[in-house]
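Residue numbers (the working numbering), protein chains in the order written: chain P, 1 to 344; chain E, 1 to 344; chain B, 1 to 376; chain A, 1 to 376. For every residue, glycine included, the Cβ atom is placed at its ideal position computed from N, Cα and C. One structure below.
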């Protein structure tokens, strides 16, 4: 038993954090919202590739880092903290390991940063990051297919988080990658896990902004953050957040071990982090007051990404239902009959 | 449109409040917990009869006050505020009007205060106030039966609110009063409405105690109630409570008018007040600190009655489900399947 | 207790409903963009033309002398018909009651008809960079000059300020007086030389706010509303106005709860248990808010003042609005991130606990004024 | 990251489980009544006899020198087996760590074995009528006399005080020093002349609390734990003890969540959607608390201190405990008002946010020490 990241894991996460502090400050996320975003995105993608991050889960023999889901959690916390406006999770956690497993020739350029890959398995019909991606992993039933987006005419979809560059999933068949339900499930769980880890990082960032703001901002002659109501609001955010972290870590451990509990453990992680994300956004906006409610201030960049990720890869209702199943809970009954009308 | 109690209603409620302030202070409620309770209860019951309250819903021709459910709400708020340790609601709102409708000879002695009557229609198997009652209205299917408790060997049930004098419903058949589902439903809705109104009064009392305590109690050199956290805690209690009141009033208006919405409106009232009761108890105990957690202080008398009433006459889950039905909401689905496993 | 409407009120409702059904514009863009605002102005002018813009105002200002009950009925029908939030609301609901109470006859005749007709569009100038919740910290100043006042300073968070023609606000006219004292309520045309307006984006991206800069802006003495140095009490008096126009309309939340119900029915295939509970709660709370308002209006009509009670309203509707929209997003599942009425409504709802006095401040008001807890 | 137990740990678990299955008493009455307490003492003495009373203590005091991991395993098995909460806990979990850290060898040898054997039963004497959350307001005093101290004053909220034999507490030994200074940690046998103990009822009606009155009570110099005037820092140091014995056992909440799950299965016919969600949440949160603790123990084992983090634990388990029991009451429907393990557990849970520093104080600690928000 040693339930803490290893020094190696911390070191790698530290390197990613350092890179992203420089390479993905709020201005870069903000730029991704506008038409000027493409260049910044390309540069950033290349930098992530240079760090080896894009091949993190690709075996070393295939030119990757050979890491597991457990190693990935601290990395995706950093990706979340910086709100990287690129499909890092989709490429690193979902697409690249699948391509590697199937010996796809697309793997090399993807890991090298020459291609950007996104993925959508929920069946929402909306492909995030479509506008900045070259390849897309989509699902048809339990089959996963790889679509080449080059030259495809995309129908953009406006999303709350303007950096998502979303579009309707194009009606291009693509090439079948796998139809193995176990492999599809694993890809789905990896996507959900990566989303959960990002939600942790995004919440950290929102909380840091709120703490910095309320320490400085004065009203009634004192810092806003010295008011008990604000203190307790933000203490609750930290509480919420800190208890999500080990649940996300456990999900990674189970998934990496191929444990049968992985499905329930990932569901626990995604359910808790998605719930937490909603509360964190609301509380940190509230702690900021009016400035938290503008697009000129940075907070919204992180808030909106967290809303997007909370709704993606299964929302709270789905993942809580998965946990309920794993507990063997009977279905809920609808107790609307008056006592003598009971229909049991 | 005039959505406020009439001067007459306020006057009657004022009279009941005045009586109960004298006749049912916390000591009387406390006494009802012990073996000494019987005498105090009998005296109090007689005082309520003298005021005419026991026949409040009995037609004037039958010796009652001829009031409606609308008039009853402010009265039961007062009964709740005082946590009267007697089946006032069961007798006044449920049993007496039924006996009157069926010309029962038991009506006279009940209204005169010579008999005490209780009721249980939920089918819980537990009869509240059994230990201090002479008659009990119980249900068998949709049929309501009147049981004479005289000389019946009761099997007491210990409840959280020790004043409830509960017992297992005795296996005595009793006399059939009605088998009309509409009449049974109306009796049930009146019981639920009376419980909702009492919950409002009980919450008021808890809040008053918490405000009085936190104004006086000093810690860190200032009154506890000057701390923002305590202020906001109790402000939320008032908020919760104040928005329950008109919902309870509307339920009474609909029930008195025999409106088809009565079922949904009573459900709204009981769902909201039961939910509110839980939050109020928790918050007022918390505001008191350790003293709120003892039986030597009065708060617990009101807290425990409110827990009992929240669970009686249908709990939150039941009444919320009734409202859901009235809205035509489809049944909930269990979204535990992964997207490609969907079974719709 | 009486929850029925009179035949006259029912007739009023029928007339309003018929007119709204025939006239409410469909698919109006957001009123917080420049193009959208123009479309909304057109709608406002249509409302005015048929005397639906300010139903509770006297007829001479374009109203119908409607009772508070009729006003509530109109609002219910307005939102039920899917009509948009009013871009004129800061004038009609915040400034107008103050003008009715404190304005000179000249000010009333000058301001109210043009406001009703949406010819003058009023923005609120209360907050400043250093004075948000702490409004008494206002530092923008107006110095007395011959025949008027010279204004210097900055206001911010002026809703739709970039599209407004006029601003009402509090300015410090006595620099010696501190905090609440020495403030004056002034009315400023935004085309006065020296005024600069800079719009900026709300959470939903629309240019819904503005900063307003004052650089030696001169206004005449007639710009003072309610007396020099009386600004604080004039501004505060509005919140308890007996005309009740500052009540937040229950109609908006009833309509939203009904749209949520329809969404749940439409998305029955993904109606989770907690979302279903959320729909029920939204409905219960919207109705509770309506009923609470009916009781308040009864009190107002019978001469019992509301006062600090309005803090309860603010807390209730703002939290209801958020919960309602969060339930909608749950129902939408992966579609929740798509830009649309629900996601926009969700973002808008998050401003509820912040503007017009944060909910933290409202809770303290409730605790101190309604419960009598000690200030410190 | 490693979430597996070593073979030795698994063997320890198996041994504990087997012993508990064979020995845990069934249907024990509440330990907070006089009769119940006697039955609990018997259980405590059986635990001690087979060296399960204080597994993490050194063998010479009756322990097994168990690691923190083994302690967690034992606690998990203890609650899983349905064993009762420990009536000795205030001694074992609150006083003992302090004695290990600050006691003289003589104090350790005198106190610890008897505490482990449940021969000495320790109650906590911190709160006073005027000093609850504000512990530094303690006014009970101990005056220096030749060879010892003379105590006068009153303590209250001493858990199970009416059944205890000894009390540890903070007393003011320097009346000139104010607030945190001038307090001394003293150990007082309750049979000392001048001590009066009066039990009183908790919310569940049991005599779970006591007031303790001191009327010229004389104790020797050896009653001082950790130095005269050092009481505050001695008392506070305990909460961060590296021995981790003050951690709140996740085992208790895991067991409660599992009982709740079983209740839901048993009452499937009345499992409403919100109660079902509540069962899931209780399970998620109990596991989160367990996992958080595993991470904390990893930190402790590797020498990273916990500190103010313990406020997070307190907030989390106390709120989880309430929510879990509220869900149980929902599941029980009309039976919720019947006296039983769930209704008693519910009442007990409501004390969680109050004792050992209210949750309001814990939130302020989190905000100030972990987030760095300004004190005032």
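Coarse secondary structure for residue i, derived from DSSP in three states
i             : result
residue 307/E : helix
residue 218/P : strand
residue 212/A : strand
residue 43/B  : helix
residue 92/E  : helix
residue 422/A : The question about residue 422/A has no answer here: the residues shown for chain A are numbered 1 through 376.
residue 156/P : strand
residue 179/B : coil
residue 58/E  : coil
residue 33/P  : coil
residue 290/P : helix
residue 381/P : For chain P, the structure presents residues 1 to 344; residue 381/P sits outside this window and is missing.
residue 297/P : coil
residue 139/P : strand
Supposed contact pair residue j and residue i - C-beta distance, whole angstroms, cut 8 angstroms
i             : j             : result
residue 121/B : residue 91/B  : 7 angstroms
residue 217/A : residue 150/A : 7 angstroms
residue 190/A : residue 138/A : With a Cβ gap of about 19 angstroms, residue 190/A and residue 138/A do not count as contacting.
residue 106/E : residue 115/E : 7 angstroms
Buried versus exposed call for residue i [16 or more other C-beta atoms within 10 Å across all chains shown]
i             : result
residue 251/A : buried
residue 10/E  : exposed
residue 305/A : exposed
residue 139/P : buried
residue 18/A  : exposed
residue 353/A : buried
residue 272/P : buried
residue 205/P : buried
residue 144/B : exposed
residue 153/P : exposed
residue 241/A : Note on residue 241/A: pLDDT 47, under 50, position unreliable in the model; the coordinate value appears next. It is buried - the Cβ of residue 241/A has at least 16 other Cβ atoms within 10 Å.
residue 55/E  : buried
residue 98/A  : buried
Within-8 angstroms CB hit, residue i to chain E
i            : result
residue 29/A : no
CB contact below 8 angstroms: residue i versus chain P
i             : result
residue 142/E : yes
Minimum Cβ-Cβ distance from residue i to chain A less than 8 angstroms
i             : result
residue 215/E : no
residue 180/E : no
residue 277/B : yes
residue 188/E : no
residue 124/E : yes
Proximal residues to residue i (C-beta, below 8 angstroms), its chain only, five neighbours per side dropped
i             : result
residue 326/P : 261, 263, 264 and 267
Contact with chain B by residue i, beta-carbon distance below 8 angstroms
i             : result
residue 215/A : no
residue 253/E : yes
Residues of its chain near residue i, where Cβ-Cβ distance is below 7 angstroms and the 5 sequence neighbours each way are ignored
i             : result
residue 165/E : 129, 130, 131 and 132
residue 324/A : 256, 257, 260 and 282
residue 103/P : none
residue 78/E  : 13, 16, 17, 20 and 201
Cutoff 6 angstroms; reference residue i; Cβ partners in own chain excluding five residues on either side
i             : result
residue 75/A  : 249 and 251
residue 245/A : Since pLDDT at residue 245/A reaches only 42, below the 50 mark, its modelled position is unreliable, and the value read off the structure follows with that caveat. So the qualifying residues of the chain are 93 and 97.
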